[in-house]
Amino acid sequence: MEIKSAALIGVGAVGSYFAYGLPAKLGDRFCVIASGNRKERLEKEGIYINGARCPLNLKTAQKAGKVDLVLVATKQTALPEIMDDISALVGENTLVLSLLNGVTSEEIIGNEIGMEHMLYSLMRIDAVRDGNHMELHFDRIAGVFFGEKDHTEPTERVQAVLDLFEGTSVRANFVSDIMTDLWLKYVSNVSQNLPQAILGVGFGAYKDSEHVRAVATGLWQEVVQVAAKKGVRLPERLLLFHGTVKEAKFSTLQDLDAGRHTEIDIFAGEMMRMGKEFEIPVPYCEYTYHMIKALEEKNDGKFNY
Numbered sequence: 012m013e014i015k016s017a018a019l020i021g022v023g024a025v026g027s028y029f030a031y032g033l034p035a036k037l038g039d040r041f042c043v044i045a046s047g048n049r050k051e052r053l054e055k056e057g058i059y060i061n062g063a064r065c066p067l068n069l070k071t072a073q074k075a076g077k078v079d080l081v082l083v084a085t086k087q088t089a090l091p092e093i094m095d096d097i098s099a100l101v102g103e104n105t106l107v108l109s110l111l112n113g114v115t116s117e118e119i120i121g122n123e124i125g126m127e128h129m130l131y132s133l134m135r136i137d138a139v140r141d142g143n144h145m146e147l148h149f150d151r152i153a154g155v156f157f158g159e160k161d162h163t164e165p166t167e168r169v170q171a172v173l174d175l176f177e178g179t180s181v182r183a184n185f186v187s188d189i190m191t192d193l194w195l196k197y198v199s200n201v202s203q204n205l206p207q208a209i210l211g212v213g214f215g216a217y218k219d220s221e222h223v224r225a226v227a228t229g230l231w232q233e234v235v236q237v238a239a240k241k242g243v244r245l246p247e248r249l250l251l252f253h254g255t256v257k258e259a260k261f262s263t264l265q266d267l268d269a270g271r272h273t274e275i276d277i278f279a280g281e282m283m284r285m286g287k288e289f290e291i292p293v294p295y296c297e298y299t300y301h302m303i304k305a306l307e308e309k310n311d312g313k314f315n316y
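For the sequence shown, this note's numbering gives the first residue as 12, with consecutive numbering after it.
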């Protein structure tokens, strides 16, 4: 199996990493999917990566047709509006990597196009987005991690993706237990992405303040309990992101600072749903959910007093 064509949906901080790295390998057989006003805006304004404009081969999904690999790099809230595009790109042997946060996007997409097209994946990236300007810290980007559920060795499909990224700037990593890795990222996001967004502080606060760390620990332990009901065993003890600078701001705080809506629904919101399903109290997640929703309302101008 060989991947000869690929399409990317979403060119934010995550998507731009692939928009930068894949054209050198695939040339015009790699495209960025956009339509309507968004396509016009990207054609006019483009995106900038570390100060330089990044060339984009923009196509509608209908124009691109069936491709070998689809990379989904939007926010999960955008999934309903891009599902038709994903379907238009998927042929009989197309693979799909969903690079979204959370632990549900593969099933959401797979329920529409068929789970046989899905590889489970996650991103570990150090990037900051300011409008259409992306700052990628390539020396601190671990890259894309992926694998197949219940396969501890690379399958032919996984190897095809590894071969595609070989020789590019995209760092690709096979994961033998991808479900545990997905949940490890999820528990880290819930416990460390969210508290700093409420407080408006850098990552260093988790180490320097016992109180910030206590909130992170409470969130972590709630996810551990829910993950166990899903058949995933996570470490009981809070593990802080390794090698992260103390000034680091993760995606939720970046979104709030930029006046954007966050992904709180797939973090604390999804935890509330799963907690209810399994009859597990998740008070830390409930509090965090409502606090960040209130900050979104404040950004929206619902109250300014």
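The C-beta atom is built at its ideal place from N, Cα and C for all residues, glycine as well.
Just the C-alpha distance for residue 311 and residue 270, rounded to the nearest angstrom, thanks. Taking the sequence shown and counting its residues from 1, the one referred to as residue 311 is at position 300. Taking the sequence shown and counting its residues from 1, the one referred to as residue 270 is at position 259. Approximately 8 Å between the Cα atoms of the pair.
Mapping DSSP to helix, strand and coil, what is residue 137? To locate residue 137, count along the sequence shown from 1; it is residue 126. Coil at residue 137, not helix or strand.
I need the DSSP call for residue 229, collapsed to helix, strand or coil. Along the sequence shown, one-based indexing puts residue 229 at 218. Helix at residue 229.
Give me the Cβ distance between residue 205 and residue 279, rounded to the nearest whole Å; I'm assuming they're in contact under 8 Å. On the sequence shown, position 194 is the one that residue 205 refers to. On the sequence shown, position 268 is the one that residue 279 refers to. Right, their Cβ atoms sit about 6 Å apart.
Reduced DSSP category for residue 153 - H, G, I as helix; E, B as strand; rest coil: Mapped onto the sequence shown, residue 153 falls at position 142. Residue state, collapsed to three classes: coil.
Report the partner residues of residue 52 according to the DSSP bridge assignment. Mapped onto the sequence shown, residue 52 falls at position 41. Residue 52 is not bridged to any residue.
Report the CB separation of residue 106 from residue 83 in whole angstroms; it is logged as a contact under 8 Å. Residue numbering aside, residue 106 sits at position 95 when the sequence shown is read from its first letter. Residue numbering aside, residue 83 sits at position 72 when the sequence shown is read from its first letter. Between residue 83 and residue 106 the Cβ distance is about 11 Å, and since that is not below 8 Å, they are no contact.
Reduced DSSP category for residue 76 - H, G, I as helix; E, B as strand; rest coil: The residue given as residue 76 occupies position 65 in the sequence shown. Note: residue 76 maps to coil in three-state DSSP.
Using 8 Å as the threshold, is the segment 71-80 in touch with the segment 12-32, meaning 3 or more CB pairs across them? yes
Taking DSSP as the reference, what is the three-state secondary structure of residue 71? The residue given as residue 71 occupies position 60 in the sequence shown. Note: residue 71 maps to coil in three-state DSSP.
According to the neighbour-count rule (16 or more other Cβ atoms, all chains shown, within 10 Å of its Cβ), is residue 49 buried or exposed? The sequence position of residue 49 within the sequence shown is 38, counting from 1. It is exposed - the Cβ of residue 49 has fewer than 16 other Cβ atoms within 10 Å.
Nonlocal neighbours in the same chain, by C-beta distance under 8 Å from residue 196, ignoring five residues either side: For the purposes of this step, residue 196 is taken as the residue at position 185 of the sequence shown. Answer for residue 196: 112, 133 and 135, listed in chain order.
Please go through the same chain and pick out, in chain order, the residues whose beta-carbon is closer than 8 Å to the beta-carbon of residue 138, but skip the five residues on each side of it. Within the sequence shown, residue 138 is the residue found at index 127, counting from 1. Closer than 8 Å at the Cβ level, and outside the excluded window around residue 138, lie 24, 25, 27, 28, 145, 146, 147, 148 and 152.
Tell me the residue span of the beta strand (DSSP E) that contains residue 302. For the purposes of this step, residue 302 is taken as residue 291 along the sequence shown, with counting starting at 1. From DSSP, residue 302 is part of no beta strand (DSSP E) but of the alpha helix (DSSP H) over 294-310.
To which residues of the same chain is residue 261 closer than 6 Å at the C-beta, ignoring the five residues directly before and after it? The residue you call residue 261 lines up with position 250 of the sequence shown. So the list reads 204, once near-sequence residues are dropped.
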